[in-house]
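In what follows, a single structure is set out as structure tokens and then discussed.
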């Protein structure tokens, strides 16, 4: 009988903890309108910054594709973000 009582007590305690945590989560999370405002304020939403990020990713992908196609160690180049040419070593 004591074991059943202990299990029930633990169940109630765990249930209270989950309920308390859920209530705090609901209180702390912003509403949909606030979430949309925060997304608009994020720096990545600017069109110019998005274009710069796309350009950087394209350059990086091109460099990786070139590195995969050649035996040269492109990381040893002076400016590895530019195409092949000089190895950058003197």
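Numbering (the working numbering), first residue to last: 946 to 1035.
Built from N, CA and C at the ideal position, the CB exists for glycine as well.
Owing to the predicted nature of the structure, the values given are computational and were not obtained by experimental measurement.
Linking residue 1013 to residue 1024 through their CA atoms gives a straight-line distance of about 17 Å. Annotated three-state conformation of residue 1017 is coil, per DSSP. Distance between residue 1022 and residue 986, taken at the CA atoms: about 38 Å. In this chain, the alpha helix (DSSP H) harbouring residue 979 covers 977-986.
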